[in-house]
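Reading through the structure tokens given below for one structure.
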Amino acid sequence: MSWASLVLIGSRSLVVAVRGGSDANSSLSEDELMKVDRTTRIPGVDVARALAVLGMFAAHILDLDDLRWTDPATYGSLVQGHSAVTFAVLAGVSIALVTGGTRPRTPEQLVIARHQLLVRACCIFLLGGLLQMLGTPILVILVMYSFLFVLALPLLRVPPQTLFIAAGVLAVVMPAIVPPLHAAIGAWGSPYNALSDILINGGYPALIWSAYLLLGLGLGRLDLRSPTVARRMIGFGAGIAAAAYLLSAAVVQLQDTVDPDRQFEPPSKFFAPYDNPGEGFRWTWSDLLGLLGADAHSGTPFDVFGSAGISMVVIGGCLILCPRPSPWNFPLRATGTMALTVYSVHVVAIFALCSVTTRGTSGDYPWQNFWTWLLFATVAIAASSCWIHRFGRGPLERLITAIAVRSSGSRRHSPAGAPQSVE
Numbered sequence: 560m561s562w563a564s565l566v567l568i569g570s571r572s573l574v575v576a577v578r579g580g581s582d583a584n585s586s587l588s589e590d591e592l593m594k595v596d597r598t599t600r601i602p603g604v605d606v607a608r609a610l611a612v613l614g615m616f617a618a619h620i621l622d623l624d625d626l627r628w629t630d631p632a633t634y635g636s637l638v639q640g641h642s643a644v645t646f647a648v649l650a651g652v653s654i655a656l657v658t659g660g661t662r663p664r665t666p667e668q669l670v671i672a673r674h675q676l677l678v679r680a681c682c683i684f685l686l687g688g689l690l691q692m693l694g695t696p697i698l699v700i701l702v703m704y705s706f707l708f709v710l711a712l713p714l715l716r717v718p719p720q721t722l723f724i725a726a727g728v729l730a731v732v733m734p735a736i737v738p739p740l741h742a743a744i745g746a747w748g749s750p751y752n753a754l755s756d757i758l759i760n761g762g763y764p765a766l767i768w769s770a771y772l773l774l775g776l777g778l779g780r781l782d783l784r785s786p787t788v789a790r791r792m793i794g795f796g797a798g799i800a801a802a803a804y805l806l807s808a809a810v811v812q813l814q815d816t817v818d819p820d821r822q823f824e825p826p827s828k829f830f831a832p833y834d835n836p837g838e839g840f841r842w843t844w845s846d847l848l849g850l851l852g853a854d855a856h857s858g859t860p861f862d863v864f865g866s867a868g869i870s871m872v873v874i875g876g877c878l879i880l881c882p883r884p885s886p887w888n889f890p891l892r893a894t895g896t897m898a899l900t901v902y903s904v905h906v907v908a909i910f911a912l913c914s915v916t917t918r919g920t921s922g923d924y925p926w927q928n929f930w931t932w933l934l935f936a937t938v939a940i941a942a943s944s945c946w947i948h949r950f951g952r953g954p955l956e957r958l959i960t961a962i963a964v965r966s967s968g969s970r971r972h973s974p975a976g977a978p979q980s981v982e
């Protein structure tokens with residue numbers, strides 16, 4: 560099944576959802592919904608989302624060295640993987656906020672909220688598929704992002720403590736379960752290989768990244784306007800990240816004993832090959848030791864815990880530094896408010912750059928440097944500030960909100976008081 564087929568299926572689902580009905584007697588318009596949203600957003604969450612998007616800019620544009628904790632010169636590589644993880648955690652936070660925050664919606668309201676989230680997921684899936692079809696070197700996160708929306712639907716009334724425990728269990732269990740699942744799905748052949756690409760394979764395996772969604776849902780059920788909650792988020796996040804990376808660095812020494820030639824592979828490298836599904840998957844002691852690493856996008860337990868901890872520090876820090884809207888944080892708030900639009904435009908811009916340039920002998924494009932990232936970041940922040948000042952919401956965010964609200968068939972009971980949108 561090709562990306563074009565997936566996009567076609569997604570677009571048909573979206574049309575069906577949109578045609579599901581519109582209520583001529585609805586008392587709350589899309590514009591009124593957006594007014595409420597602008598006055599009740601949490602500034603720190605928008606700023607954190609902006610930093611995540613700008614970090615993904617850097618990961619896609621800069622030629623970054625591997626992160627080495629003993630070498631401060633490589634700390635810029637923290638954006639690799641961690642920016643996308645923060646973006647995924649914030650997806651959970653925003654879904655929690657849009658469905659009531661500390662006070663989950665009533666069952667009747669949740670029915671409408673789930674419908675709107677499902678339509679948003681269809682829209683984002685369609686958009687992500689279209690961006691993926693451009694063929695840029697970017698790992699487009701939006702398709703996996705849409706699957707997280709769907710995963711969240713039955714979890715909207717789960718208490719935060721349960722969500723945190725479930726996130727921890729998934730972080731430990733999923734990296735070990737994914738390889739045999741990959742082997743099984745690979746044995747089924749086409750069209751199931753496309754499903755494996757989304758759920759299991761690639762840089763954003765949804766089954767593993769679901770741990771970030773659950774973490775974000777739990778955080779979004781806390782009182783994020785409380786400085787105490789933000790400080791605890793920073794403390795717990797720093798502790799989790801430090802423990803994960805230090806423990807990984809300690810136990811990885813076992814690799815020198817079991818595999819002195821360092822031939823081990825991370826989990827993403829020892830999946831069953833699609834062209835030989837009958838061979839299943841190979842797991843040697845050397846391969847299993849790959850689960851002890853903590854490299855970005857490796858999908859190991861240590862990577863998941865470490866990246867989740869860093870995202871908690873970033874979000875908590877933004878909540879502390881930006882407790883309320885102000886002129887100085889408006890540019891980043893504006894960028895975070897229309898993060899979906901900004902992210903999509905940057906993918907199209909990189910597609911344009913790739914179309915008019917060629918890779919050098921090193922394999923890099925000539926525009927892969929700090930100045931290009933600075934230009935992208937500056938234009939994104941300036942354009943977002945002007946757009947939000949004039950229109951209040953990004954174009955893609957406005958469009959998806961209008962489609963989701965219209966498709967629900969009853970805007971009167973939509974989560975109008977929600978403090979965040981989910982894009």
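At the far end of the sequence shown sits residue 982, using this note's numbering, and the numbering has no gaps. We treat Cβ as the ideally placed atom computed from N, Cα and C, and that holds for glycine.
Exercise. Ignore the nearest five residues each way along the sequence and tell me which others in Asp782's own chain have a CB closer than 7 Å to its CB.
Key: Thr661, Val788
Quiz prompt | the segment 600 to 616 touching the segment 880 to 896, judged by at least three CB pairs closer than 8 Å | solution = yes
Quiz item: Hey, would you say Phe861 sits closer than 8 Å to Ala803, going by beta carbons?
Solution: yes
Practice problem: Look up Trp768 in the DSSP assignment and say whether it is helix, strand or coil. | Solution: helix
Quiz item: Between the C-alpha atoms of Ile959 and Ala655, what's the straight-line distance to the nearest angstrom?
Solution: 18 Å
Practice problem: Please say whether Phe646 and Val700 have beta carbons closer to each other than 8 Å? | Solution: Per the sequence presented here, residue 700 reads as Ile, with Val not at that position. Cβ distance < 8 Å, so Ile700 and Phe646 count as in contact.
Quiz prompt | contact_flag[the segment 903 to 915, the segment 686 to 695] where n(CB pairs < 8 Å) is 3 or more | solution = yes
Quiz prompt | DSSP three-state assignment for Cys681, whether helix, strand or coil | solution = helix
Practice problem: Return the Cβ separation of Pro663 and Leu715 in integer angstroms, given the expectation that the two are a contact with Cβ distance under 8 Å. | Solution: 6 Å
Quiz prompt | Val612 versus Leu686 - alpha carbon distance | solution = 17 Å
Quiz item: Do you know how far the Cα of Asn928 is from the Cα of Leu707?
Solution: 32 Å
Self-check item: Cα-Cα separation between Val648 and Thr916, rounded to whole angstroms
Solution: 34 Å
Exercise. Could you check if Ile757 is buried or exposed, using at least 16 other CB atoms within 10 Å of its CB as the buried criterion?
Key: buried
Quiz item: What do you get for Val702, buried or exposed, if any count of 16 or more other CB atoms within 10 angstroms of its CB means buried?
Solution: buried
Quiz item: Mapping DSSP to helix, strand and coil, what is Thr931?
Solution: helix
Quiz prompt | Cβ neighbour criterion (16 or more within 10 Å) applied to Ser502 | solution = Past the edges of the chain, shown from 560 to 982, lies residue 502, and the structure says nothing about it.
Quiz item: With DSSP run on the structure shown, which of helix, strand or coil describes His856?
Solution: coil
Exercise. Please classify Cys881: does DSSP put it in a helix, a strand, or coil?
Key: coil
Quiz prompt | Coarse secondary structure for Gly875, derived from DSSP in three states | solution = helix
Practice problem: Under 6 Å Cβ to Cβ from Ile940, same chain only, skipping five residues before and after it: list those, please. | Solution: Pro890, Thr894
Quiz item: Between the segment 860 to 875 and the segment 724 to 740, do at least 3 Cβ pairs fall closer than 8 Å?
Solution: yes
Quiz item: Skipping 5 residues on each side, what residues in its chain have a beta carbon closer than 6 Å to that of Gly614?
Solution: Val638, Ser642
Quiz item: Grouping DSSP H, G and I as helix and E and B as strand, with all else coil, what is Ile962?
Solution: helix
Practice problem: List the whole-angstrom C-beta distance separating Leu773 from Leu722, where the pair is believed to meet the contact cut-off of C-beta under 8 Å. | Solution: 5 Å
Practice problem: Identify whether Gly951 lies in helix, strand or coil by the three-state DSSP scheme. | Solution: coil
Quiz prompt | Close beta carbons around Arg673, own chain, < 8 Å, minus the five adjacent residues each side | solution = Leu712, Leu715
Exercise. Could you spell out where the alpha helix (DSSP H) holding Ile909 opens and where it closes?
Key: 898 to 915
Quiz prompt | Endpoints, alpha helix (DSSP H) assigned at Gly640 | solution = 638 to 657
Practice problem: Buried or exposed for Glu667, please, with buried defined as at least 16 other CB atoms from any protein chain shown within 10 angstroms of its CB. | Solution: exposed
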